[in-house]
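What follows is one structure encoded as structure tokens, with my remarks underneath.
Number of protein chains: 2
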Amino acid sequence: MHVVIARCTVDYDGRLTAHLPEAVRLLMVKADGCVAVHADGGAYKPLNWMNAPNTLTIEQADGESAEHETAQVWHVRSPKGEQLTITVHEVLAEMDHEMGIDPGLVKDGVEAHLQELLAADPTSIDDGFRLVRREFPTDIGPVDLLCRDTDGVAVAIEVKRRGEIDGVEQLTRYLDFLNRDPMLRPVRGVFVAQEIKPQARVLAEDRGIGCVVVDYDELRGIESDELKLF
Amino acid sequence: MHVVIARCTVDYDGRLTAHLPEAVRLLMVKADGCVAVHADGGAYKPLNWMNAPNTLTIEQADGESAEHETAQVWHVRSPKGEQLTITVHEVLAEMDHEMGIDPGLVKDGVEAHLQELLAADPTSIDDGFRLVRREFPTDIGPVDLLCRDTDGVAVAIEVKRRGEIDGVEQLTRYLDFLNRDPMLRPVRGVFVAQEIKPQARVLAEDRGIGCVVVDYDELRGIESDELKLF
DNA sequence: GTGTACATATCGCAT
DNA sequence: ATGCGATGTGTACAC
């Protein structure tokens, strides 16, 4: 990892073109060759960047350039033809350090957990729901949960952390395919999420898809309560 | 901007919980208070982070902690109740620098520009197109452009930098809703992008949606040519 | 403030 | 490679 604080101007030409006028910024070059230009604010996203793989060549200023206060020009090029040019006018601080490979991150609390909890107790979606299968396969991908309701009617369930329009589209596609299967037909749909956006709800209801909002912590509570009973 | 390279362990508890085992990483604290933990690879996204606003308190190790090799514990807390805890075992390098406010980024070539250019001259999509409205509202969100063709028929236009299947789905939804309005019906659709992926084109054509590929530089050229006429 | 769509999104997985 | 889904998405813009 190489870190430089420098007064610089930056130009990117690739998927779009962008220009950064002269200012003091942090330049970060990682071991895999990716480069990021950070301002002193604005969350974690850099102003400009180039992902690996790419090649970095640093052109030292010759005499004439030095007159124009240019110390270095960094050329970062990717195989796809993207290009980032950093003109370094002045280096204010610098740091270099070996870091080794990171052991990586352990996460908890994402959609998979929500799906597990609902699979363990589908009645938390609607009374009498019985699980047929998790990740029920269709030609266009697996449905999160397939259940049957009290009347024995098949119910396809799409689980999301945040319910937005895309999720309704996804469930609609699954329903289209599931309803071609004479063994399953008719299949109705239920959209389950911790939060459902109004426009997603409009679209879902317009298509006869039910909407259920669930609480992750509450589900986890119910789950642990039920475990206590055994 | 404060930058530290340190052997550390990291725990995040907020929208999810996550843990990073001990390793050498770069810690970045920006002037606005946001904090990022970077590994020496993996593009520009940090392993963990906390966006502004938040408060950072650094707890120096007391004697007992020092026995366990802990030098500092950083507590980052956001008003939303998210929390990032960085246990610093050893500081390997450090850097601190004032950078001032960044003058900001000038971008060119994003969808908004494309939409502006097309709104200014819809005939670059098809001869005789007249603009009715940009961001024409529907119950499920705004359509990029609504035009009328030479026959006075309404045309909904979805603009994308890169035309993929999602964009066709989006336009299809708008068309479904627009075609319920007796004042507009019938509404046809045109999908406009700098590049249209083959599968997106197949889907669009299957649904009777037209596809138009436009060249950004050329549009800008036409635009400046027309400006010259005035 | 809320809600929606865009992003040089990134990232991972399956085909 | 391409498509598709998830992300602690983040961010700007409209209502």
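As given, the protein sequences belong to chains A and B, one line each in that order. The first sequence begins at 67 in our numbering and counts up one residue at a time. The second sequence begins at 67 in our numbering and counts up one residue at a time. Ideal Cβ placement from N, Cα and C applies to all residues, glycine included. Since we're looking at a predicted model, the values are computed, not measured.
| Check | Outcome |
| --- | --- |
| Pull up the distance between the alpha-carbon of B:Leu86 and that of A:Val70, whole angstroms please. | 26 angstroms |
| Buried or exposed: where does B:Gly218 fall if 16 or more other Cβ atoms within 10 Å of its Cβ makes it buried? | exposed |
| Does any residue of chain A have a CB that is nearer than 8 angstroms to the CB of B:Glu266? | Reading the sequence as shown, one finds Ala at residue 266 of chain B and not Glu. Output row for B:Ala266: interface = no. |
| Considering just the uninterrupted stretch of the beta strand (DSSP E) at B:Asp156, what are its terminal residues? | Checking the displayed sequence, the identity of residue 156 of chain B turns out to be Glu instead of Asp. It spans 149 to 162 - the beta strand (DSSP E) in which B:Glu156 sits, taken as one unbroken run. |
| Identify every run of the beta strand (DSSP E) within the stretch 183 to 219 of chain A, keeping only runs that are complete inside it and at least 3 residues long; order them along the chain. | 196 to 202, 209 to 214 |
| At least one CB of chain B closer than 8 angstroms to the CB of A:Pro87: is that the case? | yes |
| Give the straight-line distance between the Cα atoms of B:Gln149 and B:Ala118, rounded to the nearest whole angstrom. | 12 angstroms |
| Is A:Tyr110 close to chain B, meaning its C-beta is less than 8 angstroms from at least one C-beta of that chain? | yes |
| Counting only Cβ-Cβ distances shorter than 7 angstroms, please list the residues of the stretch 162 to 184 of chain B near chain A, keeping chain order. | His163, Met165, Gly166, Asp168, Pro169, Leu171, Val172, Lys173, Asp174, Gly175, Val176 |
| If you compare alpha carbons, which of A:Glu160, A:Gln138, A:Pro112, A:Tyr240 is closest to A:Ile206? | A:Tyr240 |
| Rounding to the nearest angstrom, what Cα-Cα distance links B:Pro290 and B:Ala185 in this structure? | One point to set straight first is that residue 290 of chain B is Ser, not Pro, in the sequence displayed. Approximately 15 angstroms between the Cα atoms of the pair. |
| Determine whether the Cβ of A:Ile231 lies closer than 8 angstroms to any Cβ atom of chain B. | yes |
| Verify whether the separation of the beta carbon atoms of A:Ala109 and A:Arg91 is less than 8 angstroms. | no |
| Could you list which residues in chain A have their beta carbon closer than 8 angstroms to that of B:Val253, in chain order? | Those do not exist, as B:Val253 stays about 17 angstroms from chain A at its closest Cβ, beyond 8 angstroms. |
| I need the boundaries of the beta strand (DSSP E) containing A:Tyr78, first residue and last residue. | 68 to 79 |
| Please state whether DSSP places B:Glu135 in a helix, a strand or coil. | coil |
| Name the one or two DSSP bridge partners that A:Asn114 has. | A:Val103 |
| Going by C-alpha to C-alpha distance, which of B:Met165, B:Ala137, B:Ala178, B:Arg143 sits closest to B:Leu158? | B:Ala137 |
| What's the C-alpha gap between A:Gln126 and B:Leu197? | 52 angstroms |
| Which stretch, first to last residue, makes up the alpha helix (DSSP H) that contains B:Val176? | Run containing B:Val176: none; DSSP gives neither H nor E here. |
| Going along chain A, which residues have a C-beta under 8 angstroms from B:Arg91? | Met165, Asp168 |
| Against chain B, with Cβ distances strictly below 8 angstroms, would A:Ala97 count as a contact? | yes |
| Would you report the Cα separation of B:Gln236 and A:Ala72, rounded to the nearest angstrom? | 44 angstroms |
| Tell me B:Phe243's beta-bridge partners as DSSP assigns them. | None, per the DSSP bridge assignment. |
| Which residues does DSSP pair with A:Val142 in a beta bridge? | A:Leu122, A:Leu150 |
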